[in-house]
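Chains as they are written, first to last, in my numbering: chain A, -8 to 126; chain B, 228 to 1231. Note that the Cβ used here is the ideal one computed from N, Cα and C, for glycine as well.
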């Protein structure tokens, strides 16, 4: 964790993440979990209607977010706003790739998640989007 | 049609504009994903046979509701109607698997290397391939095979082929004779004529669905751009594609702009060329980017590696396939140079002396001169080279040059030298030359005397003047009638073709040379005939009357007869004249080395271009002249012309990369699990669709093509006695059908000038059979013989074609049979192989993509057994179990009411089965779609960052930066388009559709 912010993101991803972090700075852990779960239910419904919605990758992201929430105390203070931002980024449908319209709609979410997790010292929770390509 | 309604699929019957139609194809209309173009053929009395396209956003289209199907008792003898109806339904089902199944679909003997090309094309989400095999390896056959497979999948309805003018008929007839693929030829006059017949706002490229046009006609992008931009093709094929790779400023290159425009308006694209690059990475990269703009991130197409390009091209050489080809590629023979050489006559030696004097003076002058580049190549070696062809060719040029100098400077040293040469040449005629003597000796050796029994000989010369005097000399020596007139060439024993021969006469002459019974025995050609044209069918002798100083030209020349399918050993003769003149004495060694090199390459896995790495015949000539002939360097052909200090040139790197890429792809293609679903997808990103839906690939048929043709037509003629269907005559292996009016109209025959153009199903009028009699056979050998006979008797167009399900006549019969059962009706029959009260409902169901493409097409049956159990089976399984083909109609009354009551449940069951299949399909399709989307995004980002880097480097206000900014917008739009295309093409619609086609009631 040599930097002051998550590394490896494209400029626009980083910009969206900054905005998301600002928007989510007051969230509690419960709120993070609730919002994540709520969004995941809408993803599942969308997947019922449209099979291209990558529900498997979304589930993997949700699992990582849950683990972060569970281990919140171990997350360094400096990384917490970014982790909140990462949740906000996840629940934002129309981010870099629209979550519910693009076949790789959660790839950018996974990218942001991975960058934040590495920054928070939890690379073990990173998600590889290509591992969830199939239904 | 709205998005929540089951989509309309091919085979469905619809009501639109108060008439009834059979849907033949459904396409996205391009405006919204809920809007479709529904292509139909009329089925009721009002519109029968008429072809129409309806737009769902404009018309109310009511598809048949399978739940409302009314069952009708089949009273036909032996259930003929039901059998033919099911037979036609099975033929209507598009293939959706990925494995090629070309058995019985054409007159060809597919070789493994050709099948590999088909397999690779099919495994691509969007077939885009450069076939860069060496000269004579059957690239057209591979194109035909790929087209056949795409047509089976409903992905080859609209086809555009671009070829050189001289190749149009050959390409067109090959696809018709061997694959039953009708391609209509258009030229600028044809397009103009057609526009007079169609409404002013109608796009001429939408009239005919399968067309071949010369590149030269269409490359005038400005003239046709408006129409081309509004035309979408399923497949675009560009033959001799190196001509569209673009020059140094590609944007100014008309053919490149045309190819780029077409690439954006087609799903599949095939490029063919034996010379895929000119030694520059940029040119090859540009060809690849025509296939897929997202293959190479570098906007200049210079930085790429073998992984970027390997999936887009196949490059095989004769040596790679020689073993597999066996007799189809007879080894060639070169007559020893000692037999084809002769000493110069004293009169010729005088000319050689004069030419030697000229060269010695000029070479000395060149050494003295500071600016050697100003030396005139014509004087240095051009006149010598011409004299090696004929005295007339040399004298003609000398006189022209003197004429020009006379105006400027008649007293110059050059003028005096030219005068000396002209004097030495005066009185010397080709007939008196040693070269002509050795030619006659060689003609005698092969028993050529101009009579009917003489073997066909192809003589190449570089010069028009030599061609002219040589043909006249031969004609006069052998007492043959001869005329220079273009229109006479195809009809005389000795003919000529050259760059100035008008297209029609060129094609006629080439066709005559490939026709056994034509009088032509000798074709004297300049190098216009050395690219692309097949002359091997009736000829295996080439005589190089003079020697082009270019390996590329020699290989192209020999490739006219030394190609796949040549069953006789090609015999090559290189005529040479030996001179005592010391200045030229060493040249013979260079000429012999040139011939040796050409023969060496023939047995190596490399291209002719790779020797000198100049990639241009003119440059090769200048190089051999300059560095070999004039410098006295006999090793000129052993070192590439361009290489850097490390001994490597850009061309070396490119060739190494192409070799690596090609070998790597070939190794993958040879792997037995190529394309399988275990993640080892052969680099295509493609899954094994067939693994999950096994029946998708098999062609299950009730009738052989011959049976369907005979029985289907017989049934139609019996049930429509007023339609004037004459009976089919069977003569040995051939079945002769006289086309009734309905068929003639459908195949585009215009019987009076005011007839509408039926472009969708038209066949080329050149192929129209005599007396409207279509002759079909089910014997491949017979059809092959007919193709050969056509070459002997009538030219390109075969009079007997293979009876295949793709033949337009069989397609017509299929559609007519489908119309025999009314909309929302299905026949019911009784089988004693099923238990009493057992009812089996047979369906054909389809899951389509958003753009209407079939992704799953499945024939299945839902059976209601005694005791209430419901089971599902494959359609083929059920039909085989009841021995459908041999069933008798005992005239028993089926229980229409009982069966009718179960239709709703059966349809529900069918739809639920299709939903399962849909799920499976999604399962295996989504992976590759995600991979492709990811690849596109990665390419877009990389290209974008490269362009942004350039903008930063040159400054925002730089002129070029504006172009780069525009490029960024274009690539973003391109990625969006591609994503939409992927989405619409491969994502399944929510609702599958099904059609009840037969009900079987048990009797036991």
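Answer yes or no: does any C-beta atom of chain A fall closer than 8 Å to that of residue 1160 of chain B?
Chain A contact via Cβ: present.
Following the continuous beta strand (DSSP E) through residue 963 of chain B, name the residue where it begins and the one where it ends.
From DSSP, the beta strand (DSSP E) with residue 963 of chain B extends over 961 to 965.
Counting only the same chain and skipping the five closest in sequence on each side, list residues whose C-beta sits under 7 Å from that of residue 37 of chain A.
Apart from the 5 residues on each side of it in sequence, residue 37 of chain A sits with its Cβ closer than 7 Å to the Cβ of 44, 91 in its chain, given in chain order.
Check the Cβ-Cβ distances between residue 1149 of chain B and every residue of chain A, and say whether any is below 8 Å.
True, the Cβ-Cβ gap to chain A drops below 8 Å.
Quick one: measure Cβ to Cβ for residue 977 of chain B and residue 1002 of chain B, integer angstroms, because I've assumed they're closer than 8 Å.
The pair is not a contact, with the Cβ atoms about 22 Å apart (cut-off 8 Å).
Alpha carbon to alpha carbon, what distance is there between residue 552 of chain B and residue 831 of chain B?
Roughly 16 Å between the two C-alpha positions.
If residue 990 of chain B sits next to residue 1035 of chain B, beta carbons under 8 Å apart, how far is it from one beta carbon to the other, in whole angstroms?
Correct: roughly 6 Å between the Cβ atoms.
Residue 1192 of chain B: contacting residues in chain A (beta-carbon distance under 9 Å):
Within chain A, no residue comes near residue 1192 of chain B; the closest Cβ sits about 17 Å away, beyond 9 Å.
For residue 117 of chain A, name the three-state secondary structure that DSSP assigns.
Of the three classes helix, strand and coil, the one that applies to residue 117 of chain A here is coil, per DSSP.
DSSP puts residue 977 of chain B in a beta bridge; with which residues?
According to DSSP, which records beta bridges pairwise, residue 977 of chain B is partnered with nothing at all.
Beta-carbon within less than 6 Å of residue 402 of chain B's beta-carbon, same chain only, minus the 5 sequence neighbours each way: which residues are those?
In the same chain as residue 402 of chain B, and ignoring 5 residues on each side of it, the C-beta atoms closer than 6 Å to its own belong to 371, 408, 410, in chain order.
Could you give the distance in angstroms between the alpha-carbon of residue 460 of chain B and the alpha-carbon of residue 937 of chain B?
Roughly 34 Å between the two C-alpha positions.
Positions along the stretch 1127 to 1156 of chain B whose CB lies within less than 7 Å of some CB in chain A
Flagged, chain order: 1149, 1150, 1153, 1154, 1156.
Rounded to the nearest angstrom, how far is the Cβ of residue 1018 of chain B from that of residue 789 of chain B, given a contact under 8 Å?
No, residue 1018 of chain B and residue 789 of chain B are not in contact; Cβ-Cβ is about 18 Å, not under 8 Å.
Could you confirm whether any beta carbon from chain B is found closer than 8 Å to the beta carbon of residue -3 of chain A?
Closer than 8 Å: no.
Tell me which same chain residues have a C-beta within less than 7 Å of the C-beta of residue 600 of chain B, skipping the five on either side of it?
In this prediction, residue 600 of chain B has a pLDDT of 48, which is less than 50 and means its spatial position is unreliable; what the coordinates show is noted afterwards. Cβ within range, chain order: n/a, list empty.
Which ranges does the alpha helix (DSSP H) cover as unbroken runs of at least 4 residues, wholly within the stretch 352 to 430 of chain B, from first to last along the chain?
The qualifying runs are 366 to 379, 395 to 406, 415 to 424.
Run through DSSP, which three-state label would residue 89 of chain A get?
Secondary structure of residue 89 of chain A (DSSP, three-state): strand.
Would you say residue 1077 of chain B reaches chain A, if we count a Cβ-Cβ gap shorter than 8 Å as a contact?
Contacts with chain A at 8 Å (Cβ-Cβ) do not include residue 1077 of chain B.
Taking all protein chains shown into account, decide if residue 992 of chain B is buried (16 or more other Cβ within 10 angstroms of its Cβ) or exposed.
Taking every protein chain shown into account, the CB of residue 992 of chain B has fewer than 16 other CB atoms within 10 angstroms, so this residue is exposed.
Touching by the beta-carbon criterion (3+ pairs, under 8 Å), the stretch 530 to 540 of chain B and the stretch 576 to 592 of chain B
Taking 8 Å as the limit for Cβ pairs, the verdict is that the stretch 576 to 592 of chain B does not touch the stretch 530 to 540 of chain B.
Can you tell me where the alpha helix (DSSP H) with residue 1039 of chain B in it begins and where it stops?
Here the alpha helix (DSSP H) through residue 1039 of chain B covers 1035 to 1045.
Below 8 Å, can you find three or more Cβ-Cβ pairs linking the stretch 684 to 702 of chain B to the stretch 764 to 775 of chain B?
Because the criterion of three Cβ pairs below 8 Å is met, the stretch 684 to 702 of chain B and the stretch 764 to 775 of chain B touch.
Within-8 Å CB hit, residue 1205 of chain B to chain A
Under the Cβ criterion of 8 Å, residue 1205 of chain B is not counted among the residues facing chain A.
Which class does residue 1099 of chain B belong to by DSSP, given the choice of helix, strand or coil?
Of the three classes helix, strand and coil, the one that applies to residue 1099 of chain B here is strand, per DSSP.
Would you mind telling me which residues of chain B sit closer than 8 Å to residue 1 of chain A, beta carbon to beta carbon, in chain order?
Near residue 1 of chain A (Cβ distances below 8 Å), the residues of chain B are 1168.
Give a yes or no on whether the minimum CB-CB distance between residue 67 of chain A and chain B is below 8 Å.
Chain B contact via Cβ: absent.
Residue span of the beta strand (DSSP E) that contains residue 274 of chain B, given as start and end:
Boundaries for residue 274 of chain B: no beta strand (DSSP E) harbours it, and the DSSP string shows neither H nor E there.
Which of helix, strand or coil does DSSP assign to residue 478 of chain B?
Residue 478 of chain B carries a helical assignment under DSSP once its states are collapsed to helix, strand and coil.
Between residue 394 of chain B and the ligand NAD, is the CB less than 7 Å from at least one heavy atom?
Looking at this structure, you won't find the ligand NAD or any other ligand, since it has none at all.
Any C-beta of chain C sitting closer than 8 Å to the C-beta of residue 1214 of chain B?
Here chain C cannot be found, since the structure's protein chains are A and B.
Is the beta carbon of residue 293 of chain B sitting closer than 8 Å to the one on residue 1222 of chain B?
A Cβ-Cβ contact shorter than 8 Å links residue 293 of chain B with residue 1222 of chain B.
Quick one: using the 10 Å Cβ neighbour count with 16 as the cut-off for buried, is residue 62 of chain A buried or exposed?
That one is exposed.
Can the beta-carbon of residue 1023 of chain B be found closer than 8 Å to that of residue 738 of chain B?
The beta carbons of residue 1023 of chain B and residue 738 of chain B sit closer together than 8 Å.
Which residue wins for smallest C-alpha separation from residue 1225 of chain B, given the options B/405, B/956, B/1111?
Answer by Cα proximity: B/1111.
Using a C-beta to C-beta distance shorter than 9 Å, which residues of chain B count as neighbours of residue 98 of chain A?
Ordered by position in chain B, the residues that pass the 9 Å Cβ test against residue 98 of chain A are 1157, 1160, 1161, 1164.
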